[in-house]
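**Student:**
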Amino acid sequence: MTLRPARWLAALAAFPLLASVPPPSGWVPARWSGANPKTLDLLSGTPINCLLLESYTPEFAGRAADHGIVALAVFKPGGDPSDPARKAIRAGMQGIVLEGDFPKGTAARVRDALADSHALVIELTSRARMPVGGPDAIIGTYQGVWPGIQVLENGAAKAAPSGSPWIDTNTGFIRSVRAWGLAAVWLGYRPPAHSVITGERYLEAIADAEMAGARWIVSLDGDLSSRLERGDAAALKDWRAMAQVLAFYESHPEWRSLRPFGKLAVVQDRDDALLSGGILDMIAAKHTPVIAIPGQRLTAESLRDASMAVNVDAEALTPEQREILKNFTRAGGTVLTAPPGWKGQSALAADQITLDKAELDRLNDIWHDVQTMIGHKNLGARLFNVASMLSNVLATGDGKQVVVQLVNYSAYPIENITVQLLGTFKHARLLTPDGAEKNLEVYPAEDGGSGVDLDRVSACAAVRLD
Amino acid sequence: MTRREWIALVSTAPLLKAAANAPAAPVAVSRCASYNEDVTARLAEMFDQLGGLDRLVRGKTVTIKLNMTGSPGLRVEGRPPGVTHYVHPKLVGATAHLLGQAGARRIRFVESAWATSGPLEDYLLDSGWNVRQLLAAAPGVEFENTNALGKGRKYSRFKVPGAYMFPAYDLNHAFEDTDVFVSMAKLKNHETCGVTLSLKNCFGNLPASIYGDDAGIDEPNENPTSGRGKTMHAGERQPSKSAPPELNPKSSREPGYRVPHIVADLAKARPIDLAIIDGVESIAGGEGPWIKGVRPVKPGVLLAGLNPVCTDAVATAVMGYNPRSPRGTAPFRTCDNTLALAEAHGAGTADLSRIEVRGLPIAEALYRFEA
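Residue numbers (my numbering), protein chains in the order written: chain A, 1 to 466; chain B, 1001 to 1371.
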């Protein structure tokens, strides 16, 4: 069922005490202090239905259950968490979050200890240790880059020589993780310390994850938390805006099951793909739709929609996988392979989530060729006037419906955006977090494609084309 | 000092000696407080004050060099570039409409798009411009990115009589395949040249394929990805050998010397038939967001003239500067005076006492960029 955000919020406001909660794939998480039960009132009218608690009172646990909130107890490395986990479940927690890199086997021991309760155990590991492709309903990491336009010390936006501001994002990482399977992906990074975080930055953090099909575990800095508890009007305004953006994405759960739309595939080794700032993010900055394919999952089927492929870690492929790429080129596809001897990230360190300078320099070897290959071609979609934005283009299995997700990382609304898509579409509708929906004129674009113009996008938006 | 006193001082006490024979032409100035006003009507009135567009453009190809300096991705405080450092698309559309009404056969908008030789239409879209609206503004509207060969088969060579820096410049064909050449500029400062108006706008005529930092050594690089800083500003390398080299490679390498002299050369090489300056909204303190300390300003004026030096002289005065200031004084603190160099080339006079201002007097249009 899909409800417009406004209706969805109204429905929630009318029934704040939800008797049941969705399955884990529908949990919308937030870090919370379990000290003051009154703070649960803040969740009324928001999609947040799952709290991660490092400490809590019995009263808080009870009130959370009354609100239909899933309460999860968080444990950090340091001792075996099995016994504390059992106690937490007995105290009313409905699940356990193991946050950090515990010794191997810990999660399995905790699951065994809680087998009778059927409580869910969620691991928030380093990126390097994420169990991608496994059976867990939810996988996550405590690491992430704080999304936004990189700003230099003098306050100016950091720009590449080509002049576009660089946007820190987790979307490339999320694309890579989701390419392994459809487990719900949680990002548990926190706001940067010693920084003033504006409301817009929280919206960016939420939308950065949601656009790519993951969820940021909402995590408020101390200042905002305390102002919310005091009922500060400005803080409440920011909080409502966050809830609205969350509701926007949560009211479209179907978006999570759409497939990447586009003609360009990037075949990459797991460890390389889990770093931010790499080839996927560089391509995303050009708003070229991209299909992430883990080298280990490369099949002819995975290349079905692609006409171009970038083979980043050629040496990591098996002979069979190389044959798949050869067949791809025989069928008319173009493959760009990294230079001979080029090697990506050898082993991802636990504390590494971005490429270091030496790796970036190496990546530039193939980035230049990628840019030349892409040129001005429309590989699914071309977007204009979106330098401070990132996008994600998704399609239904039959390709008849396409959704273009847009997230604005600047503090200003962007006006006059143009989207040109491959394919013929008759209807387009602009969807925004404020619940407004607007029909857009679809006009013929170059290459026989379809174009739409958007007057204005504030924090985020989506265009649905049929 | 009142506005009128300042104008009187500027007019009667030129700091640089005027070139006696440099031509003079009237300049139209109009109040336009916002792009939401009827820009077309303001512009039409100004063109009428200059004698009408018909006699200039009827049945002709008109090429308009836009000022869209720097990547469209770089913004001042996130604002659309048209209200800061680019000319505004509404002014561009209004100009196209009026040119069409006046009977122009073909209206070609050109710019050497920053670090790319891709279609200019893409660059306009990236700037938030509505290309479809511009195409519909008049019959015969087209676009050309002059940063490389573009739609042409060869570059056009423009000789410079009495050149300062280069004996000739190789430019995109669009600068030759035209009957009328228009420079549409922004009213703003320039870090290297003090002001960037209709003359300095034409520094962007130079294709980066030949004059860019990654230009080919022997032949043009048809896929340029950089600006012209090392080659033209600093003279650290020569343009592609396919184009004429510098007259004196041992001359000063200082950008404050080189760029004004090159701009003055270009005014002589490819004369400007009509100068239009967008001063409705702009920035002060530099030419783009990459200059530290630039700030948005709203001078609320439009200027147009049939002589670029005269038009720039009036525009410089409107900005609160003496257009005849010598090097070392505002706005030419670290550079030679481009207007004076163009004047010495015989391109036009910068002597305000010889320039007739039609419409809004300078004293009423005055907006001090360093106030």
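C-beta atoms are modelled at their ideal positions from N, C-alpha and C, and glycine is treated no differently.
Excluding the five sequence neighbours on either side, which residues of its own chain have a C-beta within less than 7 Å of the C-beta of Thr396(A), listed in chain order?
**Tutor:** Leu258
**Student:** Counting only Cβ pairs nearer than 9 Å, list the residues of chain A close to Asn1130(B).
**Tutor:** Asn416, Thr418, Asp453
**Student:** Along the region 1259-1293 of chain B, what residues have a CB closer than 8 Å to any CB found in chain E?
**Tutor:** As a matter of chain content, chain E is missing from the structure shown, whose protein chains are A and B.
**Student:** In or out: Arg1055(B) buried (at least 16 other Cβ within 10 Å) or exposed?
**Tutor:** exposed
**Student:** Suppose the cutoff is 6 Å on Cβ atoms and the five residues either side in sequence are ignored; what does the same chain contact list for Met1001(B) look like?
**Tutor:** For Met1001(B), the pLDDT reaches just 48, beneath the cut-off of 50, and the residue's location in the model is therefore unreliable, although a value from the coordinates is still provided. Within the same chain, Met1001(B) has no close Cβ partners at all.
**Student:** Mind listing, in chain order, the continuous beta strand (DSSP E) runs of no fewer than 3 residues lying wholly within the region 71-135 of chain A?
**Tutor:** The DSSP assignment places complete beta strand (DSSP E) segments of no fewer than 3 residues inside the region 71-135 of chain A at 95-99, 120-125, in order along the chain.
**Student:** For the region 63-84 of chain A, list every residue whose C-beta sits within 7 Å of some C-beta in chain B, in sequence order.
**Tutor:** none
**Student:** Excluding the five sequence neighbours on either side, which residues of its own chain have a C-beta within less than 7 Å of the C-beta of Val28(A), listed in chain order?
**Tutor:** Pro47, Ile48, Asn49, Cys50, Arg215, Leu246, Glu250
**Student:** From this set, Leu1199(B), Asp1048(B), Pro1220(B), which residue's C-alpha is nearest Arg1153(B)'s C-alpha?
**Tutor:** Of the listed residues, the one whose Cα sits closest to Arg1153(B) is Pro1220(B).
**Student:** Please return the same chain residues whose Cβ sits closer than 6 Å to the Cβ of Ala382(A), not counting the five positions on each side in sequence.
**Tutor:** In the sequence on display, residue 382(A) carries Arg and not Ala. The residues are Gln420.
**Student:** Taking all protein chains shown into account, decide if Arg201(A) is buried (16 or more other Cβ within 10 angstroms of its Cβ) or exposed.
**Tutor:** Arg201(A) sits buried, since 16 or more C-beta atoms from the chains shown fall within 10 Å of its C-beta.
**Student:** If you check the beta carbons only, do Trp166(A) and Ala205(A) fall under 8 Å apart?
**Tutor:** no
**Student:** By Cβ distance, which residues of its chain are closer than 6 Å to Arg1358(B), with the 5 residues on each side in sequence left out?
**Tutor:** Pro1026, Ala1028, Gln1049
**Student:** Looking at the C-beta of Asn385(A), does it have a partner C-beta in chain B at a distance below 8 Å?
**Tutor:** yes
**Student:** Looking at the unbroken beta strand (DSSP E) that takes in Gln405(A), where does it start and where does it end?
**Tutor:** 402-408
**Student:** Does the region 414-432 of chain A touch the region 212-231 of chain A, meaning 3 or more C-beta pairs lie closer than 8 Å?
**Tutor:** Below 8 Å, too few C-beta pairs join the region 212-231 of chain A and the region 414-432 of chain A to call them touching: fewer than three.
**Student:** Could you check whether the Cβ of Tyr412(A) sits closer than 8 Å to any Cβ belonging to chain B?
**Tutor:** yes
**Student:** Per DSSP, which residues does Arg1106(B) bridge with? Please list them.
**Tutor:** Thr1061(B)
**Student:** At a CB-CB cut-off below 8 Å, which residues of chain A make contact with Asp1214(B)?
**Tutor:** Within chain A, no residue comes near Asp1214(B); the closest Cβ sits about 10 Å away, beyond 8 Å.
**Student:** Relative to chain A, which residues along the region 1063-1094 of chain B have a C-beta separation below 8 Å, given in chain order?
**Tutor:** Gly1070, Ser1071, Pro1072, Gly1073, Leu1074, Arg1075, Glu1077, Gly1078, Arg1079, Pro1080
**Student:** Nearest CA to the CA of Met389(A): which residue from Ile374(A), Lys400(A), Glu415(A), Val403(A)?
**Tutor:** Glu415(A)
**Student:** Quick check: the region 1315-1326 of chain B against the region 1348-1368 of chain B, are there 3 or more CB pairs under 8 Å?
**Tutor:** yes
**Student:** Going straight from the alpha carbon of Asp223(A) to that of Ile197(A), what length do you get?
**Tutor:** 9 Å
**Student:** Contact between the region 1164-1175 of chain B and the region 1204-1222 of chain B is defined here as three or more beta-carbon pairs at a separation below 8 Å; is this criterion met?
**Tutor:** yes
**Student:** Between the C-alpha atoms of Ala207(A) and Cys460(A), what's the straight-line distance to the nearest angstrom?
**Tutor:** 7 Å
**Student:** Do you know how far the Cα of Arg111(A) is from the Cα of Pro84(A)?
**Tutor:** Pro84(A) and Arg111(A) have their alpha carbons spaced roughly 13 Å apart.
**Student:** Can you list, in chain order, the residues of its chain whose CB lies under 8 Å from that of Ser1226(B), leaving out five sequence neighbours each side?
**Tutor:** Ala1115, Ala1208, Gly1212, Asp1213, Asp1214
**Student:** Return the chain-ordered list of same chain residues with a C-beta closer than 8 Å to the C-beta of Val1448(B), the five sequence neighbours on each side being excluded.
**Tutor:** Residue 1448(B) lies beyond the range of chain B shown here (1001 to 1371); nothing can be said about it.
**Student:** Hey, quick one: how far does the beta strand (DSSP E) through Ser450(A) stretch, first residue to last?
**Tutor:** From DSSP, the beta strand (DSSP E) with Ser450(A) extends over 450-457.
**Student:** Going straight from the alpha carbon of Gly1150(B) to that of Trp32(A), what length do you get?
**Tutor:** 58 Å
**Student:** Should His287(A) be flagged as near chain B, meaning a C-beta pair shorter than 8 Å?
**Tutor:** It does not; no Cβ of chain B falls within 8 Å.
**Student:** Applying the criterion that 16 or more other CB atoms from any shown protein chain within 10 Å of the CB defines a buried residue, is Lys1186(B) buried or exposed?
**Tutor:** With a 10 Å radius around the Cβ and a threshold of 16 neighbouring Cβ atoms, Lys1186(B) comes out buried.
**Student:** Are the C-beta of Leu1125(B) and some C-beta of chain A separated by less than 8 Å?
**Tutor:** Interface annotation, Leu1125(B): in contact with chain A, CB-CB separation under 8 Å.
**Student:** Bridge partners for Leu1171(B) per DSSP, in chain order?
**Tutor:** Ser1156(B), per the DSSP bridge assignment.
**Student:** Just the chain A side, please: which residues come within less than 7 Å of Gly1118(B) by C-beta, in chain order?
**Tutor:** Residues of chain A passing the Cβ test: His376.
**Student:** Can you tell which of Asp41(A), Val132(A), Pro253(A), Val393(A) has the C-alpha that lies nearest to the C-alpha of Arg63(A)?
**Tutor:** Asp41(A)
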